[in-house]
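Undergrad: Below is one structure. I have some questions about it.
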Amino acid sequence: MNENDPRTLDCGKTVEELSDYLAAGRSPSDPRIETCPECLNALQGLTRLTQLFQDLITQDVADLPAPSENWFQGIMTNIHREVRAGRSVPLPHPDIRVDLSLTEGAVLALIRSVGDTVPGLLVGASRLDGDVETPGAPVEVSVTASVLWNRSIPDAAHQLRELICVALAAHTALNVISVDITIEDLHGDLPNTVIHKEH
Amino acid sequence: MNAPAHNPDRDRLEGLADAILVGRAVDGDTAAFETIIRRYGPLMRAYTARIVGSMADADDVVQDAFQTAWRRLSELRDPAAVKPWLMRITSRLAFTFLRRKHVDVDLATLEGALPADTQPENVAVRNAQLHALSAALDTLPEDQRRCWLLREIGELSYDDIAEDMKLPTATVRGKLARARSSIYAQMEGWR
Numbered sequence: 002m003n004e005n006d007p008r009t010l011d012c013g014k015t016v017e018e019l020s021d022y023l024a025a026g027r028s029p030s031d032p033r034i035e036t037c038p039e040c041l042n043a044l045q046g047l048t049r050l051t052q053l054f055q056d057l058i059t060q061d062v063a064d065l066p067a068p069s070e071n072w073f074q075g076i077m078t079n080i081h082r083e084v085r086a087g088r089s090v091p092l093p094h095p096d097i098r099v100d101l102s103l104t105e106g107a108v109l110a111l112i113r114s115v116g117d118t119v120p121g122l123l124v125g126a127s128r129l130d131g132d133v134e135t136p137g138a139p140v141e142v143s144v145t146a147s148v149l150w151n152r153s154i155p156d157a158a159h160q161l162r163e164l165i166c167v168a169l170a171a172h173t174a175l176n177v178i179s180v181d182i183t184i185e186d187l188h189g190d191l192p193n194t195v196i197h198k199e200h
Numbered sequence: 023m024n025a026p027a028h029n030p031d032r033d034r035l036e037g038l039a040d041a042i043l044v045g046r047a048v049d050g051d052t053a054a055f056e057t058i059i060r061r062y063g064p065l066m067r068a069y070t071a072r073i074v075g076s077m078a079d080a081d082d083v084v085q086d087a088f089q090t091a092w093r094r095l096s097e098l099r100d101p102a103a104v105k106p107w108l109m110r111i112t113s114r115l116a117f118t119f120l121r122r123k124h125v126d127v128d129l130a131t132l133e134g135a136l137p138a139d140t141q142p143e144n145v146a147v148r149n150a151q152l153h154a155l156s157a158a159l160d161t162l163p164e165d166q167r168r169c170w171l172l173r174e175i176g177e178l179s180y181d182d183i184a185e186d187m188k189l190p191t192a193t194v195r196g197k198l199a200r201a202r203s204s205i206y207a208q209m210e211g212w213r
């Protein structure tokens, strides 16, 4: 670098050094930089650059032609082909020659579909811990969920637990010893927020 | 603009946090994954178009990225961090695409897509600034540009960028600093 190189400031600091300093969150504070008008000016410029770049991508997102529905459907079609089956959950049948089972994925889908009927609640992740492939083996169910901000969380969690117990008893032979519910998030618009719906 | 087809399932899922959607998608809920696609697809396309230089190629790359993401979703350690994770997958595929196709990056297509100059003056100045930044970005060597894009759009940490590019963190720090410094120099007229 020479003195005409804009990457070196007149005070001797390089833009690279300042960039590093900025990336470190200006910590530990360097008094030689923080008291130098040239350095401060360059720091401000670098910060603006980051902002400008965010603007650039935001503008790209706004200006680029929207992806076609075909584009979305193309992804979805491929994804539907790769079903997550998981383990095989045996179902009892009076005739021992009949080997009947549900996939673990189907059990999780069952949990989601009954769970989503609880007003103001949507299920997140569900897990079956235990040896689901052996009939009668103890199984612990854990489910995360998101609840509408103004719903009572204990109520919603209670309803969810009941529905899951009933559905699993009705549709599977799993020996469920516990159903653990974690409300992980709240959703919905908080009051007094202006809602803009785009059409 | 294509208005997405009305889908009540999707509408219900739209307001959910990333972590909840990821949890459902890992369990096999394709509707939850579609919500993630609609949430981050536009950003990933814009990002990829900046790398590969053509919208059609960007669409292909991002389709691949979502396919990969669906397959590997259970490997995501922090479901709330799905955005940087998607950006990392996208970036890897975009740069692989570039190397494979030996495509010269030419952003003419993108620039053509910018709105006409029927803008108020301050918007025109802003557009010119953005244009200058876009041009400055194009002059960077590929590895520096990749570091910059991963950092600034992907919001990846230095360590994640290092892991992604198989470089020591100190090298990433150096490349990023050089990228910033060279863009800063080129943007001097616009400061």
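Residue numbers (the working numbering), protein chains in the order written: chain A, 2 to 200; chain B, 23 to 213. From the three backbone atoms N, C-alpha and C, an ideal C-beta is built for every residue, glycine too.
1. Which residues in the same chain have their Cβ closer than 8 angstroms to the Cβ of residue 195(B), if we skip the five residues on either side of it in sequence?
2. Using a Cβ-Cβ cutoff of 8 angstroms, what residues of the segment 52-81 of chain A are near chain B? List them in chain order.
3. Quick test of your reading: residue 123(A) and residue 98(B), contact by CB under 8 angstroms. State the CB separation rounded to the nearest angstrom.
4. I need the boundaries of the alpha helix (DSSP H) containing residue 91(B), first residue and last residue.
5. Quick one: any contact between the segment 42-50 of chain A and the segment 66-76 of chain A, if contact means 3 or more CB pairs under 8 angstroms?
6. Using Cβ-Cβ distances below 7 angstroms, what residues of the segment 159-189 of chain B are close to chain A?
7. So what does DSSP say about residue 145(A), is it helix, strand or coil?
8. Based on the DSSP output, what are the partners of residue 88(A) in its beta bridges?
9. Against chain A, with Cβ distances strictly below 8 angstroms, would residue 88(B) count as a contact?
10. Let's test the definition: count the other Cβ atoms within 10 Å of the Cβ of residue 96(B) and tell me whether it reaches 16, buried, or not, exposed.
11. CB residue 175(B) to CB residue 69(B), shorter than 8 angstroms?
12. Would you call the segment 150-161 of chain B and the segment 100-120 of chain B touching, i.e. three or more CB-CB distances under 8 angstroms?
13. Short check: CB of residue 169(B) to CB of residue 201(B), under 8 angstroms?
14. Within its chain, find whatever has a CB closer than 8 angstroms to the CB of residue 112(A); leave out the 5 residues flanking it on each side and keep chain order.
15. Is it right to say residue 35(A) is buried, meaning 16 or more other beta carbons lie within 10 angstroms of its own, or is it exposed?
16. Shortest alpha-carbon distance to residue 53(B) belongs to which of 101(B), 67(B), 33(B) and 103(B)?
17. Would residue 48(B) pass as an interface residue toward chain A - the criterion being a Cβ-Cβ separation below 8 angstroms?
TA: Looking at the coordinates:
1. Result list for residue 195(B): 180, in chain order.
2. Of all residues in the segment 52-81 of chain A, only 53, 54, 55, 56, 57, 58, 60, 61, 62, 64, 65, 66, 67, 68, 69, 70, 72, 73, 75, 76, 77, 79, 80 and 81 come within less than 8 angstroms of chain B when Cβ atoms are compared, listed by chain position.
3. Wrong, their Cβ atoms sit about 20 angstroms apart, outside the cutoff.
4. Looking at the DSSP string, the run of the alpha helix (DSSP H) that includes residue 91(B) is 77-94.
5. As far as the Cβ criterion goes, the segment 42-50 of chain A does not touch the segment 66-76 of chain A, which means the pair count is below three.
6. 174 and 175
7. strand
8. According to DSSP, residue 88(A) bridges with nothing at all.
9. It does: the Cβ of residue 88(B) has a partner Cβ on chain A nearer than 8 angstroms.
10. exposed
11. yes
12. No contact exists between the segment 150-161 of chain B and the segment 100-120 of chain B.
13. yes
14. 124, 127, 142, 144, 165, 168 and 169
15. exposed
16. 33(B)
17. yes
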